[in-house]
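Counting in my numbering, the sequence shown runs from 943 upward without gaps.
Heads up, the thing below is written out as structure tokens.
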Amino acid sequence: MEHRIYKVRFYKMKKSNYLRLLKYVFFKKTKGPVQLIHFVTSKCNAKCEHCFYWKNLNKNNDLTLKEIEKITKTLPELYLLMISGGEPFIRKDLVDITYSYFKNTPMRKVTIPTNGLMTDKIKKDCVNILERCPGLELSIGISLDGPKEIHDKTRGVPGCFESAIKTFFELKKLRKNKNFKISIVSTLTPINQEKMTEFYRYVKNELEPDVFSLNLIRGSPKNPDMKKVSLHYFKEILKLESKELKNAKGFKNKIRNFIHIIRTQVIIDTIEKKKYVLPCYAALLTGVLSESGKVYPCELLTKPIADIKDFDYNFEKLWESKSAKDYSKFIINTKCFCTHECFLRVNILFNFKFLLKSFLKQLIRI
């Protein structure tokens, strides 16, 4: 009965959510983040050479479900939730965490990355999330950094590639639910860059994910040499993706591909120009909640806004605090910039002038 109630509520909220999102194009003052990245655990079962979070891994300081439940009741503006880690599926209560957000916030989109090592647990959790949260759009991103030898070496776990592939095909069975999406996420490194174009074709032709995403290493990875990549290979993938834009079927898919291509181009421009390309809305529309409760504007700025515990787990109060406002002013005034894909998406979507300009450029190219 409870699930039926939430299903009805979802359909009533869907249109109002789109109208609510439209206002953020013109007004950036909010009572909380529109997009939140929540590191639900620092526990991880891999040893990735390119991990930017390696110094924080495998500590015993995760927020409890009860604490998270309190936090979710204070996020009135939330639309997109990105659950991260560590390895998110290590948490036994991941389904309950997701349900807390679904029940207590306007959030209706969840993205969860995974290394794919825990096939049965991952599939079971996805099935339960879709069952308990009717209408929720759930996207799972499986990490694959190249062919078997390259991927296993990069992730530091023998058999990681085979486990990830097994998980991918098990999750593909859930595609009968129109709200479930599965993507392949690759990180460009010196080890895989020369084979990335070939690997891209393998993913597109043999695996056929809903989305393929190629990321650049950010922050301070465990192995600093992993950041030494050639932008040439990144551009090659952009060319292939741009060609596919013409063949995308359905309005939503065309829009999704369009935003993805613009974001990739912004990343290239940022790296080549080594400067700010467009305003960042971190601490305004986006935020990060660490596993221990510290709240950051983004993953790359190491100084937290505050600890959620000091605000009695009230995100709205923290977001409207002087420290949060000062942080957002700092980001805008210093023209802070990076190549973080998740934040760039929000920066593009809610910047009408930039979005329109990019759209017209893309039309000319097509």
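Yeah, the Cβ is synthetic: ideal placement off N, Cα and C, and Gly gets one too.
Could you tell me which of the options sits nearest to residue i, measuring between CA atoms?
i: Leu1286; options: Thr1276, Phe1257, Thr1047 and Ile1210; result: Ile1210
i: Thr1014; options: Asp1004, Phe994, Ser1042 and Lys1185; result: Ser1042
i: Leu1086; options: Thr1096, Gly1077, Leu1078 and Asp1252; result: Thr1096
i: Leu1260; options: Thr1016, Ile1092 and Met1024; result: Thr1016
i: Pro1151; options: Asn1157, Leu1158 and Arg1143; result: Arg1143
i: Lys1034; options: Glu1079, Ser1081, Asn1046 and Val982; result: Val982
i: Ile1133; options: Lys971, Gly1101 and Pro1089; result: Pro1089
i: Ser1105; options: Thr1139, His1093 and Leu1116; result: His1093
i: Leu1149; options: Lys1120, Lys1115 and Lys1181; result: Lys1115
i: Pro1055; options: Pro1048, Asn1002, Phe1110 and Gly1077; result: Phe1110
Report yes or no: is there a C-beta of chain D within less than 7 angstroms of the C-beta of residue i?
i: Leu1149; result: In summary, chain D is missing from the structure at hand, where a single protein chain is found.
Where does residue i fall in DSSP's three states?
i: Ile1133; result: coil
i: Val1288; result: helix
i: Phe1111; result: helix
i: Tyr1238; result: strand
i: Asp1004; result: coil
i: Asp1249; result: strand
i: Ile1203; result: helix
i: Thr1244; result: coil
i: Trp1261; result: helix
i: Leu1302; result: helix
i: Ile1092; result: helix
i: Leu1297; result: helix
i: Ile1084; result: strand
Let's see if you can read the secondary structure: which residues bound the alpha helix (DSSP H) around residue i?
i: Thr1139; result: Met1138 to Tyr1144
i: Val967; result: Here Val967 belongs to no alpha helix (DSSP H), and DSSP marks it neither H nor E.
May I ask you to list the residues that DSSP assigns as paired with residue i?
i: Met1024; result: Ile979 and Thr1053
i: Glu1079; result: Lys1051
i: Val1153; result: Ser1125
i: Leu1059; result: Leu1059 pairs with nothing; no bridge assigned.
i: Ala1224; result: Thr1228
Starting from residue i, follow the beta strand (DSSP E) in both directions and report where the run begins and ends.
i: Thr1228; result: Thr1228 to Leu1231
Worksheet item: How do the stretch 1058 to 1067 and the stretch 1020 to 1038 stand: do at least 3 beta-carbon pairs fall below 8 angstroms, yes or no?
Response: yes
Item to complete: Could you tell me whether the stretch 1197 to 1206 touches the stretch 1242 to 1252, using the rule of 3 or more Cβ pairs below 8 angstroms?
Response: no
Worksheet entry | Cβ pair count under 8 angstroms reaching 3, the stretch 992 to 1009 against the stretch 972 to 979 | no
Worksheet item: Are at least three pairs of beta-carbons, each pair with one atom in the stretch 1293 to 1302 and one in the stretch 1251 to 1259, less than 8 angstroms apart?
Response: no
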